[in-house]
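Contents: one structure, followed by commentary.
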Amino acid sequence: AQTVTQSQPEMSVQEAETVTLSCTYDTSESDYYLFWYKQPPSRQMILVIRQEAYKQQNATENRFSVNFQKAAKSFSLKISDSQLGDAAMYFCACSNTGNQFYFGTGTSLTVIP
Amino acid sequence: DTGVSQDPRHKITKRGQNVTFRCDPISEHNRLYWYRQTLGQGPEFLTYFQNEAQLEKSRLLSDRFSAERPKGSFSTLEIQRTEQGDSAMYLCASSLAWAFNTEAFFGQGTRLTVV
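The listed protein sequences correspond, in order, to chains A and B.
If you want our numbering, it's the position in the first sequence, counting the first as 1, plus 42.
If you want our numbering, it's the position in the second sequence, counting the first as 1, plus 68.
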């Protein structure tokens with residue numbers, strides 16, 4: 043089984059500033075994938091960014107980037123130049139073969155104008 | 069393609085009644101997942117299908133829960149004799165099986181309230 047821990051229930055960031063959301067995970071699998079999903083209020087969950095565990099290079103997707111520390115089993119999300127539309131619940135998830143996705147408890151991000 | 073759709077969006081039912089939810093995945097996706105999400109928690113895995121075969125079920129899925137995907141397309145999740153503890157958001161997601169790093173695309177969920 044895999045577990046995903048998000049230790050920050052709530053975070054806030056000033057518009058245009060940078061914020062980092064933390065995530066740690068535990069898995070016995072050698073091949074796995076890590077994801078950050080965004081869930082805006084009353085809207086469906088969408089993928090923000092993903093990372094293949096076998097890749098050493100950190101994934102980047104426009105203003106979103108990750109800091110993947112495989113040995114420490116850490117997978118943090120950095121949001122640069124925060125925008126009002128970034129306000130949402132953010133879930134970290136881990137999947138080995140895509141059979142199922144294990145999610146953390148989420149971090150609620152508030153963006154302050 | 070309009071993405072993953074779920075019906076109904078909201079359901080209020082009395083304790084003891086049966087309810088059924090439907091999920092229509094993205095058409096070319098052969099994997100379909102059901103998750104349950106309660107307030108303040110992340111989605112919890114319930115079950116998943118590859119085509120019409122139900123390959124894995126969580127221990128969370130009690131005998132009162134059953135899911136089907138009869139033709140490998142849409143899926144239904146039925147809860148019999150509902151209890152107040154079943155109140156939650158039920159999420160459906162779909163993906164492509166042969167790409168390990170593929171993302172799961174989620175629907176907007178069905179919010180169940182058991183009174």
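Glycine included, C-beta positions come from ideal geometry on N, C-alpha and C.
Report yes if the C-beta distance between residue i and residue j is below 8 angstroms; otherwise report no.
i: Cys134 (chain A); j: Gln48 (chain A); result: yes
i: Phe113 (chain B); j: Ser126 (chain B); result: yes
i: Tyr79 (chain A); j: Phe117 (chain A); result: no
i: Thr150 (chain B); j: Thr106 (chain B); result: no
i: Leu159 (chain B); j: Val87 (chain B); result: no
i: Thr178 (chain B); j: Arg77 (chain B); result: yes
i: Thr69 (chain A); j: Gln44 (chain A); result: yes
i: Glu71 (chain A); j: Asn138 (chain A); result: yes
Give the DSSP-derived three-state secondary structure of residue i in the structure shown.
i: Asp128 (chain A); result: helix
i: Gln93 (chain A); result: strand
i: Gln111 (chain A); result: strand
i: Asp92 (chain B); result: strand
i: Gln152 (chain B); result: helix
i: Glu171 (chain B); result: coil
i: Phe113 (chain B); result: strand
i: Phe143 (chain A); result: coil
i: Thr81 (chain B); result: strand
i: Phe142 (chain B); result: coil
i: Met87 (chain A); result: coil
i: Val55 (chain A); result: strand
i: Glu103 (chain A); result: strand
Exposed or buried, which one is residue i when buried takes at least 16 other CB atoms within 10 Å?
i: Glu55 (chain A); result: The identity of residue 55 (chain A) in the sequence shown is Val, whereas the question assumes Glu. The residue is buried, with at least 16 neighbouring Cβ atoms inside 10 Å.
i: Ala113 (chain A); result: exposed
i: Gln142 (chain A); result: buried
i: Ser162 (chain B); result: buried
i: Asp73 (chain A); result: exposed
i: Gly110 (chain B); result: buried
i: Gly146 (chain A); result: buried
i: Val90 (chain A); result: buried
i: Leu129 (chain B); result: buried
i: Gly108 (chain B); result: exposed
i: Asp123 (chain A); result: exposed
i: Gln74 (chain B); result: buried
i: Asp131 (chain B); result: exposed
i: Gly175 (chain B); result: buried
i: Leu123 (chain B); result: exposed
i: Gln81 (chain A); result: buried
i: Arg85 (chain A); result: exposed
Going by beta carbon distance, what residues of the same chain come within less than 8 angstroms of residue i, once the five residues before and after it are set aside?
i: Glu120 (chain B); result: Arg137, Pro138, Lys139, Gly140
i: Thr170 (chain B); result: Ser163, Leu164
i: Lys79 (chain B); result: Val87, Phe89, Thr178, Arg179, Leu180, Thr181
i: Ile154 (chain A); result: Ser54, Val55, Gln56, Glu57
i: Tyr96 (chain A); result: Asp73
i: Glu103 (chain A); result: Val90, Ile91
Near residue i, which residues of its chain fall below 6 angstroms by C-beta distance, leaving aside the five closest residues on each side in sequence?
i: Thr149 (chain A); result: Gln48, Gln50, Met53, Leu63, Tyr132
i: Lys120 (chain A); result: Thr62, Ser107
i: Glu146 (chain B); result: Thr88, Ser134
i: Phe110 (chain A); result: Gln93, Asn100, Phe117
Within the same chain, show all residues whose beta-carbon is closer than 7 angstroms to that of residue i, passing over the 5 residues directly before and after it, in chain order.
i: Gln118 (chain B); result: Asn98, Arg99, Ala165
i: Gln152 (chain B); result: Arg83, Val182
i: Ile94 (chain B); result: Asp69, Gly71, Val72, Ser162, Phe173
I want to verify the contact list: residues of chain C whose CB lies under 9 angstroms from the CB of residue i, in sequence order.
i: Thr147 (chain A); result: No chain C appears in this structure, whose protein chains are A and B.
Mind listing which residues of the stretch 87 to 121 of chain A have their C-beta closer than 7 angstroms to chain B's C-betas, in chain order?
-> From the stretch 87 to 121 of chain A, only Met87, Leu89, Arg92, Glu94 have a Cβ closer than 7 angstroms to chain B.
Listed in chain order, which residues of the stretch 120 to 131 of chain B have Cβ atoms closer than 9 angstroms to some Cβ of chain A?
-> Taken in chain order, the members of the stretch 120 to 131 of chain B whose beta-carbon sits within less than 9 angstroms of a beta-carbon on chain A are Leu123, Glu124, Ser126.
Would you list, in chain order, the members of the stretch 131 to 163 of chain B that have their beta-carbon closer than 9 angstroms to a beta-carbon of chain A?
-> Identification of residues in the stretch 131 to 163 of chain B having a C-beta nearer than 9 angstroms to some C-beta of chain A yields Leu159, Ala161, Ser163, given in sequence order.
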